[in-house]
Amino acid sequence: MKKTILLIFIIIYSCNRNDIVGVAFNTELGPITIDLFPQKAPITVKNFLRYVDNGLYSDFHFYRVVHLENQDNNSIKIEVIQGGLGFEKHPNELPSILHEATKETQIKHLNGTISMARNKPGSASSEIFICINDQPELDYNGKRNPDGQGFAAFGRVRSGMEVVKMIQHQPSIEQILIKTIKVNSIKRI
-13 MKKTILLIFI IIYSCNRNDI VGVAFNTELG PITIDLFPQK APITVKNFLR YVDNGLYSDF
47 HFYRVVHLEN QDNNSIKIEV IQGGLGFEKH PNELPSILHE ATKETQIKHL NGTISMARNK
107 PGSASSEIFI CINDQPELDY NGKRNPDGQG FAAFGRVRSG MEVVKMIQHQ PSIEQILIKT
167 IKVNSIKRI
């Protein structure tokens, strides 16, 4: 009986680990490792991995930090760091993807969640953010965006939240880092 239970546990654990894709960020301030959930958010994960696998994130950098003290104009406060290819149009930017709301994926914006930055639904392409602390207002029906569609969460930080918090506390003017944090490499692991 014990052997059967152990075998079932090993099979379930193995199946769950096979549904996860690991990606390592080597930033100027240290490593961040993330787990992506392709079974839950296939469109968003596929898009992100196209950037990673094709070397399109060679200019990836963190440039925006949002904390409780720098959101004077927002009644709904959040805490995130944002990165990607930047605000301006970049030659490596791929076309926008369909929006996968948390209502569909069931990936909530909890501490360490990776999600796509966007303006309107269906406008996300290369920019991501990482949540610091739980951010339910970024989920479907959340109040951060007037459209109520939330953001497309697709993974979670496995290790390196101390680096994420270090980035969030770098000097900034309003929400823009004075010195962007370069990511030296991003690769699957």
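Take the sequence shown: its letter number 150 is residue 136 in the working numbering, and every next letter is one higher. All residues carry an ideal CB built from backbone N, CA and C; glycine is no exception. Here the structure is a predicted model, which means the values were calculated and not measured.
Residue interval of the alpha helix (DSSP H) (run including residue i)
{"i": "arginine 36", "result": "28 to 39"}
Beta strand (DSSP E) segment containing residue i, residue limits
{"i": "lysine 89", "result": "Taken as a continuous stretch (DSSP letters only), lysine 89 belongs to no beta strand (DSSP E), being part of the alpha helix (DSSP H) at 88 to 91."}
{"i": "isoleucine 153", "result": "No beta strand (DSSP E) contains isoleucine 153, which is instead part of the alpha helix (DSSP H) from 147 to 154."}
{"i": "leucine 84", "result": "Leucine 84 -> no beta strand (DSSP E), and no H or E assigned at all."}
{"i": "leucine 22", "result": "16 to 22"}
{"i": "lysine 168", "result": "162 to 174"}
{"i": "alanine 10", "result": "7 to 13"}
{"i": "isoleucine 114", "result": "114 to 117"}
{"i": "glutamine 135", "result": "From DSSP, glutamine 135 is part of no beta strand (DSSP E); its letter is neither H nor E."}
{"i": "glutamine 68", "result": "66 to 70"}
{"i": "serine 101", "result": "99 to 102"}
{"i": "histidine 47", "result": "47 to 52"}
Contact set for residue i: own chain, Cβ-Cβ below 7 Å, skip 5 residues either direction
{"i": "arginine 130", "result": "Ile62, Ile64, Glu123, Leu124"}
{"i": "phenylalanine 73", "result": "none"}
{"i": "isoleucine 83", "result": "Ile29, Thr30, Asn33, Ala110, Ser111"}
{"i": "valine 52", "result": "Ile64, Glu65, Val66, Gln161"}
{"i": "isoleucine -4", "result": "Because the pLDDT of isoleucine -4 is 43, which lies under 50, any placement of that residue in the model is unreliable, and the question is left without a value."}
Residue burial classification, residue i (beta-carbon count within 10 angstroms, cutoff 16)
{"i": "glycine 136", "result": "buried"}
{"i": "serine 145", "result": "exposed"}
{"i": "leucine 71", "result": "buried"}
{"i": "glutamine 121", "result": "buried"}
{"i": "aspartate 21", "result": "buried"}
Option in the options with minimal Cα separation from residue i
{"i": "proline 81", "options": "Lys89, Asn59, Tyr126, Gly108", "result": "Gly108"}
{"i": "asparagine 78", "options": "Glu55, Asn40, Glu90, Ile159", "result": "Asn40"}
{"i": "phenylalanine 140", "options": "Ile18, Met102, Asn170", "result": "Met102"}
{"i": "proline 24", "options": "Phe11, Ile6, Ala10", "result": "Ile6"}
{"i": "methionine 152", "options": "Leu22, Tyr49, Tyr37, Ala27", "result": "Tyr49"}
{"i": "isoleucine 93", "options": "Gly69, Asn12, Lys26, Asn59", "result": "Lys26"}
Own chain residues within Cβ distance below 6 Å of residue i, not counting five before or after
{"i": "serine 0", "result": "At serine 0 the pLDDT is 43, less than 50, meaning the model places this residue with poor confidence; the figure from the coordinates comes in the next sentence. Cβ within range, chain order: n/a, list empty."}
{"i": "isoleucine 175", "result": "Gly8, Ala10"}
{"i": "glycine 16", "result": "Val149"}
Test: residue i CB closer than 8 Å to a CB of chain D
{"i": "valine 143", "result": "Looking for chain D here will not work: only one protein chain is present."}
Neighbourhood of residue i by C-beta, 8 Å cutoff - its chain only, sequence neighbours within 5 removed
{"i": "leucine -7", "result": "Note that leucine -7 has pLDDT 40, beneath the 50 cutoff, so the model's placement of it is unreliable and the number below is only indicative. Nothing listed; no residue qualifies."}
{"i": "leucine 96", "result": "Cys117, Asp120, Gln121, Arg142"}
Inter-residue CB distance, residue i and residue j (contact presumed, cutoff 8 Å)
{"i": "isoleucine 116", "j": "glycine 98", "result": "7 Å"}
{"i": "isoleucine 164", "j": "serine 158", "result": "6 Å"}
{"i": "arginine 142", "j": "isoleucine 100", "result": "6 Å"}
Residue i CB to nearest heavy atom of the ligand FAD below 7 Å
{"i": "asparagine 127", "result": "This structure lacks the ligand FAD; in fact it carries no ligand of any kind."}
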